[in-house]
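A.B. asks: Can you keep this structure in mind? I'll have questions shortly.
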Amino acid sequence: MSQPTFSLSIRPDQIGVISMDVAGESMNVLKAAFADEIKSLLSEIKNNKDIKGLVIISGKPDSFIAGADISMLDGCTTAQQAEDIGRMGQLVFNQLEALAIPLVAAIHGPCLGGGLELALACHARIATTDNKTVLGLPEVQLGLLPGSGGTQRLPRLVGIQKALDMILTGKQLRAAQAKKIGLVDAVVPKSILLEAAVQLALKGKPAAREVKLNFVGKVLEKTPFGRAVVFSQAEKQTLAKTQGNYPAPLKILKAIKAGVDGGFNKGLDVEAKAFGELCMTSESKALRSLFFATTQMKKETGAGDVVPRKVRKAAILGGGLMGGGIANVTATKAGVPVRIKDISQQGISNAMKYSYSLLEKKLRKRFVTKTEVQKQMSLLTGTTDYSGFHDVDLVVEAVFEDLNLKQQMVADIETNCSEHTVFASNTSSLPIGQIAAKAARPENVIGLHYFSPVDKMPLVEVIAHDKTSAETIATTVAFARKQGKTPIVVKDGAGFYVNRILALYMNEAANILLEGEPVEALDKALVKFGFPVGPITLLDEVGIDVGAKISPILLNELGERFTAPAAFDRLLADGRKGRKTEKGFYLYGAKAKGKKQVDASVYTVLGLNPAAKLSGDQIALRCVVQMLNEAVRCLEEGIISSARDGDIGAIFGIGFPPFLGGPFRYIDQMGAATLVAHLRSFESRFGARFAPSKLLLEKAEQNTTFY
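Residues 14 to 720 in the numbering used here are what the sequence shown lists, from first letter to last.
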């Protein structure tokens, strides 16, 4: 017989404690199979007239309930089946809420999705001060909505506007923030959580609490006209943000509005139907596949069964923007001491200031305490020589893209560190094999390519050259994961994977611009397609000079299709490097007022008279097919080991639209033959840079997919 998930123990003070502990799982997740067990437990509670109140708590040390088991949704073949799962959850939580005795949720650790919906069905909630305790309804990030009453109970507890903010974004709140908005009743140290929850239960069932609203809040939420304004504005902002590419936010609005206007049961009905429909959408399927892929990757070392070496101390070479960012995530996320080396004290100061500024922002928002700020800053030290490097386990090099300089850094580290020290280069384009060419211990040399800004971008590419040892790969992957990153292991080669597929996309955007399409038309087309920013905005952000440096390397190593438009030399000659010099395609500084505006003088520099001739769809297609084709070529050449890694890399590295699931899932959805037809059409008009890759042609001929 399987081990029960829920156990009930009754204390001498007649408070029943329900403990949830899913056997064999590190975190509690809700499964449809638990319904009968909960039903039997409720029957036992109702039949025991001695119980004065109940507390529900987790049997896991660091998790309340992390959500529902998403895999059960993949077993649904119809919207009705998924809707039934939602309705079953609604029914169970309605029964909990209807209990005559008080029910208190004692929350420590993640309380997310279905876990928070369960807590909302309780009569009171108490949470711990611990940083591990977070509350949220992140279903929208899976293309879904909270399907077990979350869209109805949260607005009634915290107000419509605060509920919309949480459910539409999937944001997670710390306990103090949750207390501030009325989501939890009390916040206590973990050591007294159970006792505090019991005391709350002993006070009896609390009366329904009125949502605290200021005068404007009352006008907006308590009057039909005000509510119409709230929902209208929310829809407008949602569409501006999602470009209509994600169906879940609009269904969330519809479900909440149905409950507010038509009552609780009406809202539940709309919620359940919408949940079932969303489960069947291609967008939710793509987002769920992304969730499963990242979960699976967390269990992999990148080098089979090889055990990684522990990184107890790290070092960064270079105190610039990248070096400062890497030092920050190493100290604040990984909790590893970092030695920063730069040629000047100013460089070290800049790197320190980078971390301090980010921590100060968190302190202002009360995400961290003053003591935590001091503790994390104490992990950062600096030097202008190699003192303190003798016991460093891993060094990340973040200096200029200069091969000789990087080779010199390898030699310096081999002289000043131990024979086991890993040398990881943050190069964005130089092959790692070339950096390791003169190394005494090439097996310790690897690429670790971060994306800017380091504290926000989730991806890192771990690049192994042909002599990199399996232990070095495993150690680097484990280190990146400790920094809170999603690492993908890629084979050595110019541009690696992400910059290689990005380069052709950016080049094509530049070619279209030079044909006379306006800057804003290009950016608008790709944002509408689903990218977070357009290609021209991205070029300004990254730096036009950076693009110019990388292009010759890719052209030299990978061939003619990487030829960048020569006209870009004119931009650099005019001092246009983008945002960093406040001079690029867009206006910056004092000239930039209100909405982002194109610097019209850029057209004069490029000798153009802009005129929109192509539709947004035509622009997007021409840029995107280049990226898709190159992604397939990278798989064909073994640069990436799987379609899964290619999809993760594109989504987390350059913001490929998540609702499409990544380049490979998108090709499967589109059909390889359709993509080949688009490429052939462009090839006949624009030349060989659009020639389909060999593997793509095979997929089209055989009518097979990547998944």
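The C-beta atom is built at its ideal place from N, Cα and C for all residues, glycine as well.
1. Just grab the DSSP bridge partners of T397 for me.
2. Quick check on the DSSP output: the alpha helix (DSSP H) that includes P237 runs from which residue to which?
3. Is the beta carbon of E11 less than 8 Å from the beta carbon of P159?
4. Verify whether the separation of the beta carbon atoms of P545 and G668 is less than 8 Å.
5. Report yes if the CB atom of V408 is closer than 8 Å to the CB atom of A437, and no otherwise.
6. Please classify G315 as buried or exposed, where buried requires at least 16 neighbouring CB atoms within 10 angstroms.
7. Tell me the DSSP secondary structure of V351 in three-state form.
8. Considering only the beta carbon of each residue, do K267 and L291 sit closer than 8 Å?
9. Quick check on DSSP: helix, strand or coil for M14?
10. Would L206 and I114 be called neighbours here (beta carbons separated by less than 8 Å)?
11. I'd like the list of long-range same chain contacts for R322, defined as Cβ closer than 7 Å, with 5 residues on each side in sequence excluded.
12. Which whole-angstrom value is the C-beta distance of G162 and L281, which I expect to be below 8 Å?
13. Pick helix, strand or coil for R187, following the three-state DSSP scheme.
14. Please find out if some non-hydrogen atom of the ligand MG comes closer than 7 Å to the beta-carbon of H462.
15. Since E110 is in the alpha helix (DSSP H), which residue starts that stretch and which ends it?
16. Spatial neighbours of A199 within its chain, please: C-beta separation below 6 Å, excluding the five flanking residues on both sides.
17. Could you compute how far the alpha carbon of V201 sits from the alpha carbon of A327?
18. Please list, in chain order, all residues of the same chain as M293 whose beta carbon is under 8 Å from its beta carbon, the five residues on each side excluded.
19. Exposed or buried, which one is I653 when buried takes at least 16 other CB atoms within 10 Å?
20. With a threshold of 8 Å, are at least 3 pairs of Cβ atoms found where one atom belongs to the segment 676–683 and the other to the segment 635–647?
21. Using the Cα positions of F288 and S357, report the straight-line distance between them to the nearest angstrom.
22. If we ignore side chains and look at the alpha-carbon of each, how far apart do F106 and A285 end up?
23. Out of K346, L585, V320, which has the shortest C-alpha to C-alpha gap to Q389?
24. Which two residues bound the contiguous beta strand (DSSP E) that contains I70?
25. Quick check on the burial criterion: 16 or more other C-beta atoms within 10 angstroms. Buried or exposed for L300?
26. Which residue wins for smallest C-alpha separation from E528, given the options V458, T382, I632, F77?
27. Is it buried or exposed, D404, if we count other Cβ atoms within 10 angstroms and call 16 or more buried?
28. Using beta-carbon positions only, say whether V637 and L692 come within less than 8 Å of one another.
29. Count Cβ pairs between the segment 41–48 and the segment 66–77 that sit closer than 8 Å; are there 3 or more?
30. Distance, Cα to Cα, I486 vs L571?
31. In the DSSP assignment, find the unbroken alpha helix (DSSP H) run with G547 in it and report its ends.
32. Taking Cβ positions, are S442 and L539 nearer each other than 8 Å?
33. I need the boundaries of the alpha helix (DSSP H) containing G128, first residue and last residue.
34. So what's I180 in DSSP terms, helix, strand or just coil?
35. Closer than 8 Å by C-beta to Y601: which residues in its own chain qualify, once you throw out the five before and the five after it? Chain order, please.
36. Please tell me whether L526 and R574 are closer than 8 Å, where the distance is taken between their beta carbons.
C.D. replies: Reading off the structure:
1. Assignment of beta-bridge partners to T397 by DSSP yields no partner.
2. In this chain, the alpha helix (DSSP H) harbouring P237 covers 237–255.
3. The shown model of the chain, from 14 to 720, leaves out residue 11, and the question about it has no answer.
4. Taking 8 Å as the Cβ cut-off, P545 and G668 qualify as a contacting pair.
5. Going by C-beta atoms, V408 is nearer than 8 Å to A437.
6. The C-beta of G315 has 16 or more other C-beta atoms within 10 Å across all chains shown, which makes the residue buried.
7. It is a strand residue.
8. K267 places its beta carbon 8 Å or farther from that of L291.
9. Reliability fails at M14, whose pLDDT of 46 lies under 50, so the model's placement of it is uncertain and no value is given.
10. Cβ atoms of L206 and I114: not closer than 8 Å.
11. Once the five neighbours on either side are set aside, the close Cβ partners of R322 are D406, H433, E484, T488.
12. That belief holds up - the Cβ atoms of G162 and L281 are roughly 6 Å apart, short of 8 Å.
13. Judged by DSSP in its simplified three-state form, R187 adopts strand.
14. With respect to the ligand MG, the structure shown offers nothing to examine, as it has no ligands at all.
15. Taken as a continuous stretch (DSSP letters only), the alpha helix (DSSP H) holding E110 covers 92–110.
16. Cβ neighbours of A199 beyond the five flanking positions: I139.
17. Those two C-alpha atoms are separated by around 36 Å.
18. Cβ neighbours of M293 within its own chain (closer than 8 Å, five residues either side excluded): C89, T91, A92, A95.
19. Result: buried.
20. Touching, per the Cβ criterion.
21. For F288 and S357, the distance between alpha carbons rounds to 57 Å.
22. The C-alpha of F106 lies about 13 Å from the C-alpha of A285.
23. Looking from the CA of Q389, the closest CA among K346, L585, V320 belongs to K346.
24. 66–71 is the span of the beta strand (DSSP E), which, as asked, contains I70.
25. Classified as buried, L300 has 16 or more neighbouring CB atoms from the shown chains inside 10 Å of its CB.
26. Among V458, T382, I632, F77, the Cα nearest to that of E528 belongs to I632.
27. Taking a 10 Å sphere around the C-beta of D404, we find fewer than 16 other C-beta atoms and assign the residue as exposed.
28. Not closer than 8 Å, so no.
29. The segment 41–48 vs the segment 66–77: in contact.
30. Cα to Cα, the separation comes out at about 25 Å.
31. From DSSP, G547 is part of no alpha helix (DSSP H); its letter is neither H nor E.
32. No Cβ-Cβ contact shorter than 8 Å links S442 with L539.
33. Segment 127–134, the alpha helix (DSSP H) holding G128.
34. Residue state, collapsed to three classes: helix.
35. The beta carbon of Y601 sits closer than 8 Å to those of R592, E595, all from its chain and outside the five residues before and after it, given in chain order.
36. Cβ atoms of L526 and R574: not closer than 8 Å.
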